[in-house]
Amino acid sequence: MTHPRLIEYPSREALTDGLAAYLAARLADLVATTGRAAIALSGGSTPGPMLTRLGEADLHWEDVVVTLTDERQVPPSSPRSNQHLLAETLFRGAAAAAVFVPLYAPAPEPADGLEAIAASLNNLALPLDIAVLGMGTDMHTASLFPGAVGLDAALAADAPPAVLITAPGAEEPRITLSAPVLQGAGERHLMIAGADKRAALERALSLGDVRQAPVLAVLEDCTVHYAD
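According to our numbering, the sequence shown is numbered sequentially starting from 2.
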């Protein structure tokens, strides 16, 4: 596997500003040249300020489709919801005009909503132009967790767009974009901060086993954006 490209920033603020500026420029260019752009964004604490900054960008957001890399199966009103995070960051700005494709569908069981979610993804968001991912110290990305129920299905070459995942010890199941969907994005960016995350990335690369380190599924031709 080709090692990912690394961009190291002098501070987390510089990381926030630099990545937001890059993404805004790429989205504007895609809209200008193809008439549309589709981007998948991750949740978590690290990207929050970057999402706020990106949401303020002056571009034709009505021609941009936004989805998530993964979502806990909780209502959007829950603070644990990644959709809730977008509402509090990205969608507070001009990006509120974007088309949003959620990975949560109210249903008696989470699996019951998968078909509707996959249809929305296929009709509106796929193929992705850009995927912006995070990574945990356990080397997961999106909701591709080591040891998760559903991991093999999500990593399979013929995986559907969205897969139900139950991570070890998790409070609720999640729906994640599958590895083929993430690998099929026009470009992938991994946003990480802190020495522990860099060490986890280096460990993943040394392990070379995607089931132990699922982040490996997205690192081919990926750009890593890092700050201490």
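Even for Gly, the Cβ is constructed at its ideal location relative to N, Cα and C.
So, helix, strand or coil for residue i, using DSSP?
{"i": "Glu203", "result": "helix"}
{"i": "Asp59", "result": "coil"}
{"i": "Val32", "result": "helix"}
{"i": "Val211", "result": "coil"}
{"i": "Glu72", "result": "strand"}
{"i": "Leu129", "result": "coil"}
{"i": "Arg54", "result": "helix"}
{"i": "Thr47", "result": "coil"}
{"i": "His4", "result": "coil"}
{"i": "Phe101", "result": "strand"}
{"i": "Leu13", "result": "It should be pointed out that residue 13 corresponds to Arg in this sequence rather than to Leu. If DSSP states are grouped into helix, strand and coil, Arg13 belongs with the helices."}
{"i": "Leu220", "result": "coil"}
Report the rounded CA-to-CA distance for residue i versus residue j, giving the unit in angstroms.
{"i": "Val100", "j": "Met51", "result": "19 Å"}
{"i": "Thr47", "j": "Pro109", "result": "32 Å"}
{"i": "Leu206", "j": "Pro174", "result": "27 Å"}
{"i": "Gly185", "j": "Thr224", "result": "15 Å"}
{"i": "His226", "j": "Leu178", "result": "21 Å"}
{"i": "Gly209", "j": "Leu145", "result": "15 Å"}
{"i": "Thr167", "j": "Pro215", "result": "14 Å"}
{"i": "Leu7", "j": "Met140", "result": "17 Å"}
{"i": "Gly94", "j": "Gln213", "result": "38 Å"}
{"i": "Arg13", "j": "Arg27", "result": "21 Å"}
{"i": "Leu60", "j": "Ala180", "result": "29 Å"}
{"i": "Ala200", "j": "His4", "result": "15 Å"}
{"i": "Tyr23", "j": "Thr142", "result": "21 Å"}
{"i": "Glu74", "j": "Ala160", "result": "Residue identity check: residue 74 is Gln in the sequence provided, not Glu. Cα to Cα, the separation comes out at about 20 Å."}
{"i": "Leu20", "j": "Tyr10", "result": "10 Å"}
On a Cα-Cα basis, can you pick out the residue from the options that is closest to residue i?
{"i": "Gly195", "options": "Thr138, Leu183, Ala218, Gly148", "result": "Thr138"}
{"i": "Ser82", "options": "Gly185, Val133, Ala106, Met192", "result": "Ala106"}
{"i": "Ile176", "options": "Gln184, Ala154, Ile193, Thr224", "result": "Ala154"}
{"i": "Val32", "options": "Gly19, Val66, Arg13, Glu57", "result": "Val66"}
{"i": "Gly148", "options": "Ala158, Met136, Asp130, Gly170", "result": "Gly170"}
{"i": "Asp30", "options": "Arg204, Trp62, Val133", "result": "Trp62"}
{"i": "Ala228", "options": "Glu203, Arg204, Lys198, Val211", "result": "Lys198"}
{"i": "Gly36", "options": "Leu115, His85, Ala157, Asp130", "result": "Asp130"}
{"i": "Gly114", "options": "Gln84, Ala157, His85, Leu165", "result": "Leu165"}
{"i": "Gly56", "options": "Thr17, Asp71, Asp159, Ala143", "result": "Thr17"}
What whole-angstrom Cβ distance do residue i and residue j have, given they're in contact under 8 Å?
{"i": "Pro162", "j": "Ala119", "result": "5 Å"}
{"i": "Gly45", "j": "Gly151", "result": "Going by Cβ atoms, the distance from Gly45 to Gly151 rounds to 20 Å, so no, they are not a contact pair."}
{"i": "Ala132", "j": "Thr34", "result": "19 Å between Cβ atoms; not a contact."}
{"i": "Ile193", "j": "Leu202", "result": "7 Å"}
Original post:
Is the region 52-67 touching the region 90-99 in the sense that three or more CB pairs, one from each, lie closer than 8 Å?
Top reply: yes
Original post:
Given 8 Å as the limit, is there contact between the region 177-194 and the region 218-225, that is, 3 or more CB pairs closer than that?
Top reply: yes
Original post:
If you pair each beta-carbon of the region 28-45 with each one of the region 124-131, do three or more pairs fall below 8 Å?
Top reply: yes
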